[in-house]
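Numbering (our numbering), first residue to last: 1 to 381.
Just so you know, even glycine gets a beta-carbon here, dropped at the ideal spot from N, CA and C.
All values reported here derive from a predicted model rather than from experimental measurement.
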Ligand code: 1QQ
């Protein structure tokens, strides 16, 4: 493992404040005591993402504290943003300066990370996105990480698989124009559609919080596309799918990461049938690690984990293992260990970072069938 990154921390007392107020710094015989902040959406129209993330984190925390008993003691301080950038910034400031966390997990939305990531970066505190999929997240700075597969990888994977199967000629796009993730996903969808030689016959947008999409969908229906590409969070995205089917749109529908939450099925009902998305996590995966995770999660929470729970679980595991390599709860040493992550085998797949700390990983293409997502290759129509 080497731990080579530590060499760069010229005079480790520089990162002293990171360990203050955290009980043992880990150099004594006791366990490394690490307080981690989690900045999540736990209320409002996108709360199901944060709830799944908190479930994944709590399960990981308990398992890791048991597995590394005597070596590592993790504690998580949760902050709810309600999806608001201002709240994310305030939460990050509080966690860094008052709670003196060694690292922050989240925030849930890319938009929140673009707002709050710079604060953590300036304060030399590792901030680790578990669901940020927009382009440019890692460009915020060297203390910013994510294990969530960028849409620039996931969307083209899904669109190419769908194109190979259904041979679309025309496409329409609709997206939330005031959310960074949705805008970034829309740009990737448009670029990929052009690369695949599709003619774009309609392009529409809306705002997060909107509930009436009939004007946009009337235009889209008139254009009669072969595929409708939707870049949105689950609530608005699922309402668009529902309305599109009510209006009789015949197009196949393909969505981005926002659709990777079971709320989609609750909101869209039967209209979700056939919806295509890309995800790095599938609870069906024939892998003992994934199956053990799914079983333990179901036993604890009474439902299957979604991708957000899985990436949260992996995110805390990565931080815990990096803390053990760092040897103490120190922000700079932890950052250096995180930057060296290679071939981590998580429940949401294998993970390494490229030189810009972007995750290198693979997406599975899934399709909605009978109220859940199944691999596209497993269906015949
Ligand atoms: C982002 C996303 C959202 C779907 C997270 C919930 O991928 O904001 O980047």
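Cα-Cα separation, residue i to residue j
i: residue 239; j: residue 67; result: 42 Å
i: residue 260; j: residue 277; result: 8 Å
i: residue 73; j: residue 32; result: 6 Å
i: residue 403; j: residue 192; result: No information on residue 403 is available, as it lies outside the stretch 1 to 381 that the chain covers here.
i: residue 86; j: residue 166; result: 43 Å
i: residue 5; j: residue 335; result: Caution is warranted here: a pLDDT of 36 is assigned to residue 5, below 50, making its placement in the model unreliable, and no coordinate value can be reported.
i: residue 125; j: residue 53; result: 21 Å
i: residue 40; j: residue 224; result: 38 Å
i: residue 208; j: residue 69; result: 44 Å
i: residue 92; j: residue 248; result: 45 Å
i: residue 358; j: residue 146; result: 7 Å
i: residue 352; j: residue 341; result: 6 Å
i: residue 381; j: residue 284; result: 20 Å
i: residue 7; j: residue 356; result: Residue placement at residue 7 cannot be trusted, given a pLDDT of 34 that sits under 50; the coordinates are not used to answer.
i: residue 337; j: residue 71; result: 17 Å
i: residue 329; j: residue 136; result: 28 Å
i: residue 174; j: residue 154; result: 18 Å
i: residue 199; j: residue 256; result: 20 Å
i: residue 314; j: residue 344; result: 9 Å
i: residue 237; j: residue 64; result: 35 Å
i: residue 376; j: residue 94; result: 44 Å
Enclosing beta strand (DSSP E) for residue i [first to last residue]
i: residue 255; result: 252-255
i: residue 100; result: Where residue 100 is concerned, there is no enclosing beta strand (DSSP E), given that its DSSP letter is neither H nor E.
i: residue 134; result: Taken as a continuous stretch (DSSP letters only), residue 134 belongs to no beta strand (DSSP E), as it is neither H nor E.
i: residue 290; result: Note, residue 290: premise wrong, no beta strand (DSSP E); alpha helix (DSSP H) at 288-301.
i: residue 146; result: 144-146
Contact under 8 Å by Cβ, residue i with residue j
i: residue 182; j: residue 244; result: no
i: residue 128; j: residue 267; result: no
i: residue 61; j: residue 324; result: no
i: residue 189; j: residue 217; result: no
i: residue 275; j: residue 241; result: yes
i: residue 264; j: residue 251; result: no
Given residue i as reference, the closest of the options once Cα atoms are compared
i: residue 254; options: 279, 342, 126, 247; result: 279
i: residue 36; options: 230, 312, 297, 139; result: 312
i: residue 43; options: 316, 78, 70, 197; result: 78
i: residue 391; options: 249, 251, 106; result: Because the chain is modelled from 1 through 381, residue 391 falls outside the range shown and cannot be assessed.
i: residue 141; options: 134, 151, 120; result: 120
i: residue 152; options: 369, 362, 374, 375; result: 362
i: residue 211; options: 350, 186, 160, 45; result: 45
i: residue 104; options: 51, 57, 201, 301; result: 57
i: residue 38; options: 30, 63, 298, 99; result: 99
i: residue 48; options: 305, 326, 371, 354; result: 305
i: residue 157; options: 195, 298, 172; result: 195
i: residue 372; options: 294, 295, 282; result: 282
Residue i: first and last residue of the uninterrupted alpha helix (DSSP H) it sits in
i: residue 157; result: 151-166
i: residue 196; result: Premise fails: residue 196 is in no alpha helix (DSSP H) and is neither H nor E.
i: residue 62; result: 47-67
i: residue 318; result: 307-326
Status (buried if at least 16 other CB within 10 Å, exposed otherwise) for residue i
i: residue 360; result: exposed
i: residue 379; result: exposed
i: residue 332; result: buried
i: residue 215; result: exposed
i: residue 97; result: exposed
i: residue 290; result: buried
i: residue 26; result: In this predicted model, residue 26 has a pLDDT of only 44, less than 50, meaning its place in the structure is not dependable; the value taken from the coordinates is given anyway. Label assigned to residue 26: buried.
i: residue 84; result: buried
i: residue 288; result: exposed
i: residue 222; result: exposed
i: residue 286; result: exposed
i: residue 366; result: buried
i: residue 30; result: exposed
i: residue 299; result: exposed
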